[in-house]
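Report on the structure given below.
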Amino acid sequence: MTVNISHPVWRYIPPITATGLTQMAIDTWLWQQQQQGGMTSCLRFYQWESAAISYGYHQKDLPAQWCTLAWGGKPLEIIKRPTGGRAVLHQGDLTYGIVTRMAAPRRRLAYETLCQFLITGWGRLGLPLRLGSDLGHDQRTVNCFSRATTADLVLPCPLSGGYKLIGSAQAWSGLTVLQQGSMRLWPDPNLWQQVFQAPLILPNCQFPDTEIIISTLCQALEDDLGISLVSEPLTPAEWQAIKKIQNDPQFTCSN
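One point on numbering: in this note's numbering, the residue at position 255 of the sequence shown is 729, and numbering is uninterrupted.
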């Protein structure tokens with residue numbers, strides 16, 4: 475076990491739908507609080523107010539045509555994540571964020587530990603997932619979901635060899651880690667084609683409603699890590715601190 479569970483009670487922040495900038499500010503603030511010892515470990519799920527593209531903290535050379543794209547009558551929001559990895563289209567997905575402290579800075583083992591609840595939970599929903607292997611994929615691609623690394627979870631698919639259902643990425647400060655991930659549930663193939671200039675092959679399966687997914691994954695995390703989740707929405711004072719980050723011109727996640 476690599477998670478430091480000296481505090482076996484984790485905070486669970488109920489789902490929030492907001493802009494990408496707000497979501498990244500929330501995760502950044504939670505990560506900062508964990509670094510400063512001001513907050514216990516935390517899990518949250520969230521969705522995006524409108525379609526958006528998030529890209530990795532170190533990712534460069536984004537396609538210029540992304541700035542011309544729209545969905546639902548609104549331009550696609552383009553936002554930098556505090557975590558690494560490559561670009562993710564947030565439309566028809568469910569995003570999760572975990573902030574915790576690890577016993578050792580071993581990234582691959584941290585991914586295996588923090589992704590296990592996803593494997594357990596989706597298995598309970600009848601969809602067996604496996605870790606990716608990152609074999610035979612173009613390392614130059616801008617698209618997170620064109621590769622399946624050992625940080626990602628794949629649904630076996632006879633036609634394509636596997637549908638990458640969940641892509642995850644991390645940011646570290648000492649032993650404190652922020653892990654963000656996107657579950658690709660109901661993407662629109664036409665928008666996907668416009669963004670990544672590649673066809674989208676969807677799996678032949680039905681996904682449950684987000685409420686069922688979230689409750690199943692919460693229970694899986696509690697079971698796998700031996701912790702308890704306590705629901706605690708963000709307070710007005712916390713929202714003020716988050717908005718201060720969001721409005722800071724130096725906030726690195728603003729595009």
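Built from N, CA and C at the ideal position, the CB exists for glycine as well. Computed from a predicted model, the values in this text were never measured in an experiment.
Would you kindly check if the distance between the Cβ of residue j and the Cβ of residue i is under 8 Å?
{"i": "I500", "j": "I716", "result": "yes"}
{"i": "L588", "j": "L603", "result": "no"}
{"i": "M657", "j": "I675", "result": "no"}
{"i": "W646", "j": "P556", "result": "no"}
{"i": "Y486", "j": "E706", "result": "yes"}
{"i": "Q508", "j": "T650", "result": "yes"}
{"i": "R581", "j": "S515", "result": "no"}
{"i": "G571", "j": "Q644", "result": "no"}
{"i": "K548", "j": "Y529", "result": "no"}
{"i": "A492", "j": "Q533", "result": "no"}
What separation, rounded to the nearest whole angstrom, lies between the Cα atoms of residue i and residue j?
{"i": "V483", "j": "L517", "result": "11 Å"}
{"i": "K638", "j": "D683", "result": "19 Å"}
{"i": "I490", "j": "W713", "result": "12 Å"}
{"i": "M498", "j": "C679", "result": "31 Å"}
{"i": "N598", "j": "D722", "result": "According to the sequence as given, residue 598 is Arg; it is not Asn. For R598 and D722, the distance between alpha carbons rounds to 42 Å."}
{"i": "Q542", "j": "H564", "result": "Sequence check: residue 542 is Thr here, not Gln. Between T542 and H564, the C-alpha separation is close to 16 Å."}
{"i": "L699", "j": "T594", "result": "11 Å"}
{"i": "D626", "j": "T709", "result": "32 Å"}
{"i": "W540", "j": "H481", "result": "43 Å"}
{"i": "P663", "j": "V669", "result": "10 Å"}
{"i": "L788", "j": "T690", "result": "Residue 788 cannot be examined here, being either before or after the span of the chain that is shown, 475 to 729."}
{"i": "G494", "j": "F519", "result": "13 Å"}
{"i": "I686", "j": "Q693", "result": "11 Å"}
{"i": "L605", "j": "M513", "result": "30 Å"}
{"i": "G559", "j": "S642", "result": "8 Å"}
In its own chain, which residues sit with a C-beta less than 6 Å from the C-beta of residue i, not counting the 5 before and 5 after it?
{"i": "W660", "result": "G566"}
{"i": "A672", "result": "none"}
{"i": "D697", "result": "none"}
{"i": "Y585", "result": "A625"}
{"i": "V573", "result": "L504, W505, Q508, C516, L652"}
{"i": "F681", "result": "L659"}
Going by DSSP, which residues form a beta bridge with residue i?
{"i": "W713", "result": "Note: W713 sits in no beta bridge, so no partner."}
{"i": "K638", "result": "V628"}
{"i": "H564", "result": "A526"}
{"i": "I487", "result": "R518"}
{"i": "K718", "result": "Answer by DSSP bridge pairing: none, since K718 is not bridged."}
{"i": "A544", "result": "P549"}
{"i": "L605", "result": "L627"}
{"i": "A645", "result": "L652"}
Can you tell me where the beta strand (DSSP E) with residue i in it begins and where it stops?
{"i": "I552", "result": "551-554"}
{"i": "G595", "result": "Here G595 belongs to no beta strand (DSSP E); instead the alpha helix (DSSP H) covers 581-598."}
{"i": "D567", "result": "567-575"}
{"i": "L703", "result": "702-705"}
Need the endpoints of the alpha helix (DSSP H) that residue i sits in, please.
{"i": "T496", "result": "494-509"}
{"i": "Q671", "result": "Neither: Q671 is in no alpha helix (DSSP H) and is coded neither H nor E."}
{"i": "Q654", "result": "Not the alpha helix (DSSP H): Q654 falls in the beta strand (DSSP E), residues 650-658."}
{"i": "C516", "result": "From DSSP, C516 is part of no alpha helix (DSSP H) but of the beta strand (DSSP E) over 516-522."}
{"i": "L699", "result": "684-699"}
Taking 7 Å as the limit between beta carbons, can you name the residues of its chain near residue i, skipping five residues before and five after?
{"i": "G636", "result": "A622, V628, L629, P630"}
{"i": "P677", "result": "L629, C631, Y637"}
{"i": "L550", "result": "A525, A526, I527, W540, L543, A544"}
{"i": "Q590", "result": "D698"}
{"i": "L601", "result": "L629, C679"}
{"i": "T496", "result": "Q720"}
{"i": "R711", "result": "For clarity, residue 711 is Ala in the given sequence; the question names Arg instead. Around A711: no qualifying Cβ."}
Closer than 8 Å by C-beta to residue i: which residues in its own chain qualify, once you throw out the five before and the five after it? Chain order, please.
{"i": "G546", "result": "S524, A525"}
{"i": "G648", "result": "Q509, P579"}
{"i": "F725", "result": "A499, T502, I719"}
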